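I have placed the structure first, in the form of structure tokens, so that the comments after it can refer back to it.
Residue numbers (the numbering used here), protein chains in the order written: chain A, -17 to 274; chain B, -17 to 274.
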């Protein structure tokens, strides 16, 4: 937790939760009530009912999601890689305990296995209980939930055993730190099939360029195709979030298969094929910093 | 001013300025000092030195810009229309008293006249004095600054007298309200040449869809080509801001002239041709609401 982040406070607005981003701004929500406040062995998990954003999930003082805009994150981290791949069958999600990423993965008819390795069972428990529209896929027969260490899983999984790996982690502190290192990404590369694709959340280009740069440079040592794409996430620092994209050859901005994309678009609220391509266009300062 | 917006407050973070967005979140900045706090006849104008975003300009309690990210707004409101137009010579800016829009307009060699009609001379005075990198073009010989009412100006300007009209206004309250109405847009249409283009700031699709919808529907009554595009603006509500684009025929996403675009890109920090096209791709919920 950032030392600067204050717990909820009473002020003239009533009860307010604020996340202060390092070297940046603070984002506040008006709180109606605290639903859960649980210290798991790994992190502090808080769930609030807000006045304007539905439920708000906070981990170690950082906003993870709100019900109002979670679709933007979950649709983009999933549909960009799964619709870039010709036939994704075996999908691994590291982290993502809220279940939103899994919910989008199982919407793809080609998927036979949606395996999630989440390190903190408390997150899954709280989200299944209080966020049923997000944690909606845990009973799906395609889903295999493992409560365990994602770093260990990618070390021991067989070569070429996944078509897609999605790193839906918290920020690069505490339990998630090892999910941003070279050894981890080398194992991801090894367990991906020859047409495999990896996507990871990769921080804000406005407020954490050094971290985004490290992620891109590390991926470039390992994968022949490395790009970044972004999504509007109003409740994350700067409102625009970056994702790292790496593959053994598949270009994410080639034309997407219309027949597979249409039902995904029609059943969703954020992703569409125009936005899929557009998300890879980056501001000049980002292109220059990343050399992409 | 929103009644909910508090003045700067001392708390455990030190001196903090917070803008609470209606029906939404609050965004806070750590304040080093107040540089100006002036009540003009039209509005309250405040200029702060922040810890992390350089200077912060606030009008009637709403964040107008910070030095850290103003380029994203100013480059996009200008270069998208001016590089969509084949030969923009006569440009009218309504509002934009900070000067950032003018600064980008005069970078186009084709521009012969950059006329700005700003209703509040105090804004221009404060920005010339304290924000010289933004209010950088007021001495340029192409610039004609009129302190006056933009609504009156578009009523009385001759037919077809501008190639481009940019509405760089505050939010649709108080002095800016008339800049969002049908009569105003009909006059903008009248004073534009046959290949004319108009761009206006158009609020957040996440947090003020009703206003964005009214703007688009009003423009559609008048102009044959109406679209919206967006820019990342970390210090505006939701972090993504919409602009309305209207023309008498010019499509903004056709190929942009490379020879004119290159020096604009090289001398800037945000705009590039890929982003120009990408900015018109909208999330599905926006496309559905706007019917675009």
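Here a beta-carbon is modelled for each residue, glycine too, at the ideal position from N, C-alpha and C.
Remember, predicted model here, so these are calculated numbers, not experimental data.
- In this structure, residue 217 of chain A sits away from residue 34 of chain A, with a CB-CB distance that is not shorter than 8 Å.
- Within chain A, no residue has its CB atom less than 7 Å from the CB of residue 25 of chain B, the nearest being about 23 Å off.
- Within chain A, no C-beta atom comes less than 7 Å from the C-beta of residue 162 of chain B; the nearest is roughly 23 Å away.
- The DSSP assignment places 144 to 150 as complete runs of the beta strand (DSSP E) inside the region 133 to 173 of chain B, in order along the chain (cut-off: 3 residues).
- For residue 267 of chain A, the chain B residues whose Cβ falls inside 7 Å of its Cβ are 251, 252, in order along the chain.
- Taking a Cβ-Cβ threshold of 7 Å, the residues of chain A close to residue 5 of chain B are 34, in chain order.
- Taking a 10 Å sphere around the C-beta of residue 138 of chain B, we find fewer than 16 other C-beta atoms and assign the residue as exposed.
- The region 180 to 193 of chain A and the region 144 to 152 of chain A touch, with no fewer than 3 CB-CB distances between them shorter than 8 Å.
- Interface with chain B (8 Å Cβ-Cβ cutoff): residue 224 of chain A is excluded.
- Straight across, the Cα-Cα distance linking residue 267 of chain B with residue 123 of chain B is about 45 Å.
- Taking the CA atoms as reference points, residue 234 of chain B sits about 39 Å from residue 37 of chain A.
- Residue state for residue 72 of chain A is assigned as strand, using DSSP reduced to three classes.
- Here residue 206 of chain A is exposed: its Cβ has fewer than 16 other Cβ atoms, across all protein chains shown, within 10 Å.
- Annotation: residue 120 of chain B is outside any beta strand (DSSP E) and is labelled neither H nor E by DSSP.
- Ranked by Cα distance from residue 211 of chain A, the first of A/202, A/199, A/200, A/228 is A/228.
- By the C-beta density criterion, residue -7 of chain A is exposed, having fewer than 16 other C-beta atoms within 10 angstroms.
- The CB of residue 83 of chain A never comes closer than 9 Å to any CB in chain B; the least such distance is about 18 Å.
- Residue-level contact by beta carbon holds for residue 221 of chain A and chain B, with a gap shorter than 8 Å.
- Inclusion of residue 3 of chain A and residue 167 of chain A in the CB contact set at 8 Å is not warranted, their separation being larger than that value.
- Setting aside the 5 residues that flank it on each side, residue 158 of chain B is surrounded in the same chain by 151, 152, each with a C-beta closer than 6 Å to its C-beta; the list follows chain order.
- Taking a C-beta distance under 8 Å as the contact criterion, residue 80 of chain B and residue 156 of chain B do not qualify as a contact pair.
- For the options B/117, B/132, B/87, the alpha carbon positioned closest to that of residue 100 of chain B is the one of B/132.
- Spatial neighbours of residue 54 of chain B in its own chain (CB-CB distance under 7 Å, excluding positions within 5 residues in sequence) are listed in chain order as 213, 214, 215, 252.
- Using a CB distance cut-off of 8 Å, residue -1 of chain A does not count as an interface residue toward chain B.
- By alpha-carbon distance to residue 173 of chain B, the top candidate from B/87, B/224, B/74, B/161 is B/74.
- Assignment of beta-bridge partners to residue 129 of chain A by DSSP yields A/100.
- When the beta-carbon positions are compared, residue 20 of chain B and residue 27 of chain B come within less than 8 Å of each other.
- Residue 222 of chain A places its beta carbon 8 Å or farther from that of residue 32 of chain B.
- Within the model, the alpha-carbon separation for residue 177 of chain A versus residue 130 of chain A is close to 27 Å.
- Within its own chain, the residues whose Cβ lies closer than 7 Å to the Cβ of residue 1 of chain A, once the five positions on either side in sequence are excluded, are -13, 8, 9, 43, 44, 45, listed in chain order.
- Around residue 88 of chain A, the same chain offers 96, 119, 122, 124, 125 as residues with beta carbons nearer than 8 Å, after the five sequence neighbours per side are excluded.
- Residue 102 of chain B and residue 24 of chain B have their alpha carbons spaced roughly 7 Å apart.
- For residue 69 of chain B, the number of other beta carbons within 10 angstroms of its own is below 16, and it is reported as exposed.
- Apart from sequence neighbours up to five positions away, the residues of its chain that approach residue 56 of chain A with a beta-carbon distance below 6 Å are 82, 83, 86, ordered along the chain.
- Distance from the Cα of residue 144 of chain A is smallest, within the candidate group A/6, A/72, A/263, for A/72.
- At a cut-off of 8 Å, the C-beta of residue 241 of chain A has no neighbouring C-beta in chain B.
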